[in-house]
Amino acid sequence: MITEYVKRFSYSSNMQLLVYKGFVFQFSLIGTPELKKRLWSAYVLPLLELVLP
330 MITEYVKRFS
340 YSSNMQLLVY
350 KGFVFQFSLI
360 GTPELKKRLW
370 SAYVLPLLEL
380 VLP
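Numbering-wise (our numbering), the sequence shown opens with residue 330 and increments by one.
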């Protein structure tokens with residue numbers, strides 16, 4: 330039971346990491362540095378704070 334939960338959790342966090350890497354990659358491709366900075370501080374950092382303990 331517990332190992333199943335841990336497996337599921339590690340799988341979902343791996344998926345989330347992939348999603349965030351995709352977002353970061355897209356952010357790196359678009360816009361001006363100022364826009365990137367705003368997107369980074371507005372979206373990516375809060376998401377990372379939610380995911381990482």
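All residues carry an ideal CB built from backbone N, CA and C; glycine is no exception.
One alpha carbon belongs to Val373, the other to Tyr349, and they sit about 8 Å apart. Within the model, the alpha-carbon separation for Leu379 versus Leu368 is close to 16 Å. In the three-state scheme derived from DSSP, where H, G and I count as helix and E and B as strand, Leu381 is classed as coil. In the three-state reduction of the DSSP assignment, Thr361 falls in the coil class.
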